[in-house]
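J.:
Numbering (this note's numbering), first residue to last: 108 to 1019.
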């Protein structure tokens, strides 16, 4: 049981079954028995063999002969500088937490999320598969160069028939050998890799000794055909031993044609060949699932391997430049055999490096594939790769990869060009992962390896991208396009949400920074926008209002507020916190851009006050309160009819929520008690106005045409009007502000409202009077001029109201005007009914009008989809609240979707 002295952080993580998992991830699938490789066997040996590959024996002369010693060293420094930047990022991520199987894929996916991680993981898997095939084909070609029937050399060695079919056969046999070793597990692979490492090391040692022990000699070169097929005299390269003149001749570059392809070499082509041979730094990281302590082994082993291979390459560059003339270097890339004390040992080294590189690529690919399958990102396609042995060996993933190699065997030469580019995409993603963690300043990013910074990560990303386009611009563009398509596919399919997204940490970091810079003291009416707080009791009955408010916000803040009745002192825990998941799911399913703010309060009125004061953050705080209208209409359950809510959520996928119908209670039954009284409802409106908040009351929003609540264009749907009455219809002599007209124009910015004509009647803020015989032409002109200045496109329609409606010039409304206006209840009710009839007549929903009647009865044409009316200020006397609410009910009765709007802040500006 926890106590005051209990540690805040546990030293072990709990797995799904409640068992403790060690921090090194040994509790990953496969169990601790699968983790048996040490740093040397699991990281150093595979990485060294992958970085050497066949280049160390067959391309040293190519690089030094064409580029010269100085440029060759520069190329090597640049290549290893790029690789070192990625190694630093790998070390940082590997020492920041438990690393499980999958290597680079695991690091990327757990940082950048399943979409980016899954797409790059699949590409990295394909790169390893193709890399294995390319290594095997190189091994076949090396064998046939010596033992092929068409090869030059002693006739007793030329015993292997050649041809496309024979090459495939030899490759398949070697692939079977490699696949068998990898299928039997990491232990056998480690022993086989160690054996090949000894063979390669012995071969390299013999080459180094030969540079010193062998004297000068002439080495015959491969004969070239002369003009018209004639034969040229024999040509020789010269091994001079250590000679300063030879070194001087080999310092500068001397680019010439490649004798194997006939292509003219340059810096970029030679550098691409060298860099291709150096890619392999992830070979140890790919074995993370089999390492005893991956957080220690990956950084240490990778750094040791990179340093060792760099030293060997530099030493071979110097020795070749000191002892071999340029002719030998440029025209015999396999000159190590010619100068070796025992040439067969060099052949063994060539075959061993090619075989080990193929084994490393295949077993690395299988581990990546198993991790992808275990995460279930690609569904049933990779499901067979989940199968493992009792000891945790993913043999099914090895067979899966082996089968893919067999299927692609005939097209591997085409795919070979993109292998290095795919590797570089993975390297850039690892650098980007580390960069994102560093920039996000996440408190949990505390790697024990500290020799990195965001500068090294950013430089690593840029370097990898530059190298991609330098090696193959077409393959680089295609790989980025493929990554985007795979990421889009995974985004559409959905993936695990329990890994965490560094994008959320980056967004938090940036949003916090800019929120601090959002200064409310610099607000200006020119840049005013509605920032809505919609109070929702039960979203089942308020779904159309949720979507309508989303269209009214015009790019501003939108907050869904809900008050849970209760007192925290009498409750064992806060009942509000568990509700956030349901409300966030509601936002997703309703497709509204809203935040959610919930509170606990003894009354709805007090809860509304809390939300009005504390909702939002910094300069983003609500300035407008939106409420549903308080009437006796029974609430409807829109979840039953809305397509987005009628289908249950897919609860089988990780991270999905159950059906929302189970998360919110059914609507209130008719006649049942309500959480909010009429008195408190009007008091809440009055509170908002006292707090200098605009107020919008929405009635009958459920009757809105469905196409007007959708996010698409409404141009092909039935034509509707939006009617605006910017006049206090309960006191026609009072001219309110232009907030109502401005609010109505905001909804027309939405595509679904763009085709709705905006009609304004009878005036807005003008000094006209409303009795019979008044000169309305001048008032109409002033109103049109005002709308033009406010850039509000609307149709102004004159409406003649009866003589008893009111007369005189408009007045400025004060808080007590509604109560002290001199009208009795009967007169006020009659005025409200007259105003209601007038509005309905203009809508085409009824006949008749005020005492004088409207100018015309029903007319054919577009109907009104939404009506904006002015909301008078509540009376100062709370005893008058029920009468005030009753008059609003009469005013808006049978008008269809209606918004009552009261603005307290200036929202329009005619200045530039």
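Glycine is no exception: its CB is placed at the ideal position from the N, C-alpha and C atoms.
Does the structure place the region 565-572 close enough to the region 188-207 that three or more beta carbon pairs sit under 8 Å?
T.: yes
J.: State the DSSP-derived secondary structure class of residue 328, mapped to helix, strand or coil.
T.: The answer is coil: DSSP assigns residue 328 none of H, G, I, E or B.
J.: According to DSSP, what are the bridge partners of residue 702?
T.: 666
J.: Measure how close the beta-carbons of residue 356 and residue 433 come, nearest whole angstrom, since I'm counting them as under 8 Å.
T.: Sure, about 6 Å apart at Cβ, within 8 Å.
J.: Is residue 368 buried or exposed, if buried means 16 or more other CB atoms sit within 10 Å of its CB?
T.: exposed
J.: Between the Cα of residue 468 and those of 591, 210 and 203, spot the shortest distance and give me the residue it belongs to.
T.: 210
J.: Just to check, is the beta-carbon of residue 306 closer than 7 Å to a non-hydrogen atom of the ligand GTP?
T.: With respect to small molecules bound, the structure shown includes none, and the ligand GTP cannot be examined in it.
J.: Anyone know if the C-beta pair for residue 533 and residue 406 falls short of 8 Å?
T.: In this structure, the beta-carbon distance from residue 533 to residue 406 does not fall below 8 Å.
J.: When DSSP labels each residue in this structure, what does residue 144 get in the three-state scheme?
T.: If DSSP states are grouped into helix, strand and coil, residue 144 belongs with the strands.
J.: Given a threshold of 16 other Cβ atoms within 10 Å of its Cβ, counted over all protein chains shown, does residue 427 qualify as buried or as exposed?
T.: Buried, since its Cβ has 16 or more Cβ neighbours within 10 Å.
J.: Is residue 698 buried or exposed, if buried means 16 or more other CB atoms sit within 10 Å of its CB?
T.: exposed
J.: Quick check on DSSP: helix, strand or coil for residue 1041?
T.: Lying before the first or after the last residue shown, residue 1041 is absent from the chain, which here runs from 108 to 1019.
J.: Within the same chain, show all residues whose beta-carbon is closer than 6 Å to that of residue 530, passing over the 5 residues directly before and after it, in chain order.
T.: Its chain contains 234 and 386 as the residues whose beta carbon lies nearer than 6 Å to that of residue 530, once the 5 sequence neighbours on both sides are disregarded; these appear in chain order.
J.: Among 665, 674, 256 and 151, which has the Cα closest to the Cα of residue 728?
T.: 665
J.: Going along the chain, which residues of its own chain have a beta-carbon closer than 7 Å to the beta-carbon of residue 649, five neighbours each way excluded?
T.: 643 and 735
J.: Would you mind reading off the limits of the beta strand (DSSP E) that contains residue 732?
T.: 731-735
J.: Contact between the region 470-478 and the region 319-333 is defined here as three or more beta-carbon pairs at a separation below 8 Å; is this criterion met?
T.: no
J.: Around the Cβ of residue 721, are there at least 16 other Cβ atoms within 10 angstroms (buried) or fewer (exposed)?
T.: exposed
J.: Could you tell me whether the Cβ atoms of residue 673 and residue 682 are closer together than 8 Å?
T.: yes
J.: Which residue wins for smallest C-alpha separation from residue 635, given the options 668, 663 and 653?
T.: 663
J.: Rounding to the nearest angstrom, what Cα-Cα distance links residue 343 and residue 436 in this structure?
T.: 11 Å
J.: Report the rounded CA-to-CA distance for residue 290 versus residue 473, giving the unit in angstroms.
T.: 9 Å
J.: Smallest Cα separation from residue 607: which of 575, 543 and 587?
T.: Of all alpha-carbon atoms in 575, 543 and 587, the one lying nearest the alpha-carbon of residue 607 is that of 543.
J.: According to DSSP, what are the bridge partners of residue 364?
T.: 371
J.: Reducing DSSP to helix, strand and coil, say where residue 811 ends up.
T.: The answer is coil: DSSP assigns residue 811 none of H, G, I, E or B.
J.: Quick one: measure Cβ to Cβ for residue 86 and residue 536, integer angstroms, because I've assumed they're closer than 8 Å.
T.: With the chain running from 108 to 1019 in the structure shown, residue 86 is simply not present.
J.: Using 8 Å for Cβ pairs, my map puts residue 207 next to residue 396. What's the rounded Cβ distance?
T.: 6 Å
J.: Do residue 1044 and residue 348 have their C-beta atoms closer together than 8 Å?
T.: This structure cannot settle anything about residue 1044, because the visible part of the chain is limited to 108 through 1019.
J.: Taking residue 748 as the reference, which of 173, 443, 809 and 701 has the closest Cα?
T.: 809
J.: Can you name the start and end residues of the beta strand (DSSP E) that residue 440 belongs to?
T.: First-last for residue 440: undefined, no H or E at that position.
J.: Can you tell me the Cβ-Cβ gap for residue 320 and residue 154, rounded? I've got them flagged as a contact below 8 Å.
T.: About 30 Å separates the two Cβ atoms, so there is no contact after all.
J.: Do residue 182 and residue 377 count as a contact pair if the criterion is CB distance below 8 Å?
T.: yes
J.: For residue 344, report the span of its alpha helix (DSSP H) as first-last.
T.: From DSSP, residue 344 is part of no alpha helix (DSSP H) but of the beta strand (DSSP E) over 343-346.
J.: Once you ignore the five residues that flank residue 775 on each side, which residues in its own chain have a CB closer than 6 Å to its CB?
T.: 742
J.: Just to confirm before moving on: does the CB-CB distance between residue 792 and residue 981 stay below 8 Å?
T.: yes
J.: Three or more C-beta pairs under 8 Å: does that hold for the region 538-554 against the region 488-497?
T.: no
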